[in-house]
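Structure record follows, encoded as structure tokens.
Residue numbers (full-length UniProt numbering): 1 to 409.
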């Protein structure tokens, strides 16, 4: 038997689905806003709030009002920038709002979620983090939700990265002994475009934290150059490959197998001269703020962050087919996506097919990335964008490097 809260929740859902169905029949763009959007996304708990707020395309507002005539709407309330009317469905209050001069379909904060089998367009969680103070219940609920989602994703990503990673690195780099020989021959060469940011002549004795350091190639190259390196990564298989390569090199690195946001307290201390992150790491975080805070907490005064990543133009927006560059995505897309684990392409073809686990990712814009780290109090020193080296992709950015420093206290 359903209790009162469950019955109300079902009534609320049915009212929402009725509103969405009638609006979509008119082919009018809409977005669920306010607390309603948080409820649908599971951010605010059931039973949901008493009111459903829906923003509709402003130049279709009059037509949408006619659609709901049977529900006896209240008089339209007009303000400087908005107009709205209210009505009820099964005792649930509905408010339809339009914002003059705005285009709902191009709103970067509009995302799609599922309520049962029905697609519902809502305001993204990012909106509530920007608009409300940390003391507001919407802000707190959103942060709690993102933390829960991060923990869930980390569990899935841990499973994915512990499936066949060790064999993938053998396929990509050879045995640990072969990888060690290549690093020994040219440690600076293994650092590639990172060298200008490290200053290889002054790296000796520096304490470096390599977050999400994967198979350890960069950490081991830095170790050969005299740095004291700690790697933190979620994959035991990555750690095994890195440790065996270190053994073949005759060097020692500290490799901490952990969700980086849950580092042991003895590791999460402000003692590092450099925090290094590079290529394909930011998309594992559904909220960059905790990662940025971790970096700040790890750096000693005067320490620096070196973040080298794929440029979001290349990961989110443009692809090349033959000699044509095609815009294929939405640069401002805030949705979470499920993808094949990155190392899968280095496995034998039979193993690629049998990989069971996938990873959940969110891709960030350049502005979101810089803002997240600057908001902790880190000082942004440089943001360098590097071009794509393929002729077919000439003129497009491929990577970027963000250099930040922690002020001396």
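Note that CB positions come from ideal geometry on N, CA and C, so glycine has one too.
By the neighbour-count criterion, in which 16 or more other beta carbons inside 10 Å mark a residue as buried, residue 210 falls on the buried side. Using a Cβ-Cβ distance cut-off of 8 Å, the region 273 to 287 and the region 295 to 307 are in contact, since at least three pairs of beta carbons, one from each stretch, lie closer than that value.
Note that the region 90 to 110 touches the region 56 to 73; at least 3 beta-carbon pairs, one per stretch, sit closer than 8 Å. For the pair of segments examined, the region 159 to 168 was found to touch the region 231 to 245: the number of CB pairs separated by less than 8 Å reaches three. DSSP, read as helix, strand or coil, puts residue 77 in strand. The residues 224 and 249, in chain order, have a CB closer than 8 Å to that of residue 184 in the same chain once the five nearest residues on each side in sequence are set aside.
Here the region 123 to 136 does not lie against the region 255 to 274, with fewer than 3 beta-carbon pairs under 8 Å apart.
A Cβ-Cβ contact shorter than 8 Å links residue 397 with residue 313. When only Cα atoms are considered, residue 91 and residue 148 end up about 33 Å apart. Sixteen is the threshold: when 16 or more other Cβ atoms of the shown chains lie within 10 Å of the Cβ of residue 34, as they do, the residue is buried.
For the 8 Å CB-CB criterion, residue 216 and residue 181 do not form a contact. Residue 391 carries a helical assignment under DSSP once its states are collapsed to helix, strand and coil.
Boundaries of the beta strand (DSSP E) around residue 230: 228 to 233. Ranked by Cα distance from residue 286, the options 143, 45, 18 and 110 are led by 143. By the CB criterion at 8 Å, residue 232 and residue 208 fall outside the cutoff. Under the DSSP assignment, residue 162 falls outside any beta strand (DSSP E); it carries neither an H nor an E label. In terms of Cα proximity to residue 406, the closest of 156, 61, 400 and 379 is 379.
Looking at the DSSP output, residue 89 bridges to 92. Measuring C-alpha to C-alpha distances from residue 65 to each of 15, 52, 79 and 83 identifies 83 as the nearest. Annotation: the region 138 to 217 contains the following complete segments of the beta strand (DSSP E) (minimum length 3 residues), in chain order: 207 to 211.
About 7 Å separates the beta carbons of residue 38 and residue 128, which is inside the 8 Å limit, making them a contact pair. Comparing alpha-carbon positions, the option among 29, 45 and 28 lying closest to residue 36 turns out to be 45.
Counting only residues of its own chain and dropping the five nearest sequence neighbours on each side, residue 214 has a CB closer than 7 Å to the CB of 233 and 238. With a beta-carbon spacing of about 4 Å, residue 376 and residue 296 fall inside the 8 Å limit used to define contacts. Residue 236: member of the alpha helix (DSSP H) spanning 236 to 249, first to last residue. Between residue 212 and the set 13, 386 and 161, the nearest pair of CA atoms involves 161.
Taking 8 Å as the cut-off, the beta carbon of residue 94 is found no closer than this to the beta carbon of residue 120. Look at residue 83 here: in three-state DSSP terms it is strand. For residue 370, the CB contacts under 7 Å within the same chain, skipping 5 residues up- and downstream, are 380, 383 and 402 in chain order. For the pair residue 372 and residue 242, the CB atoms are not nearer than the 8 Å cut-off. Residue 109 has its alpha-carbon roughly 26 Å from the corresponding atom of residue 67. With at least 16 other beta carbons inside 10 angstroms of its own, residue 43 counts as buried. In this structure, DSSP gives residue 383 an extended state, which the three-state scheme calls strand. For residue 268, the secondary structure class from DSSP, reduced to helix, strand or coil, is coil. The three-state secondary structure of residue 313, taken from DSSP, is helix. Here DSSP, grouped into helix, strand and coil, assigns residue 360 to strand.
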